[in-house]
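*Asks:* Sending over a structure as structure tokens; questions will come in a sec.
In this note's numbering, the protein residues as written are 26 to 133.
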């Protein structure tokens, strides 16, 4: 999750409105901008959450377990996205997950 901040900043800085409209005419720039801002917000919320976990913990073992739980949830998210790509959760989620992958590969 900590990579969300540099990725969001990169997207906002390196993809101008004209370039986005030329490559993806169906995508509205305000939606792209909103998605990049939400990505930035997620990164900052993750860092804030990690800071609060460290501040509230009384022992090092508590910090370890809390961070382990956050990692577990992140892995669940990645696994569910991979399952959506292979049509486990239905055709609509497969289409959406594959469209997301195509959009990311064109940007990179």
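All C-beta atoms in this analysis are idealised placements derived from N, C-alpha and C, irrespective of residue type, glycine included. All values derive from a computational prediction rather than experimental measurement.
If we count the other Cβ atoms within 10 Å of its Cβ and call it buried at 16 or more, is residue 94 buried or exposed?
*Replies:* Result: exposed.
*Asks:* Should residue 29 be labelled buried (16 or more other beta-carbon atoms within 10 Å of its own) or exposed?
*Replies:* Buried, because 16 or more other Cβ atoms sit within 10 Å of the Cβ of residue 29.
*Asks:* Looking only at C-alpha atoms, which of 50, 53, 44 and 69 sits nearest to residue 134?
*Replies:* Examination of residue 134 is not possible in this model, given that the chain is present from 26 through 133 alone.
*Asks:* Suppose only complete runs of 3+ residues qualify. What are the beta strand (DSSP E) ranges in the stretch 80–110, listed by chain order?
*Replies:* Segments of the beta strand (DSSP E) lying fully in the stretch 80–110: there are none.
*Asks:* Identify the continuous alpha helix (DSSP H) that holds residue 42 and give its terminal residues.
*Replies:* First-last of the alpha helix (DSSP H) with residue 42: 42–48.
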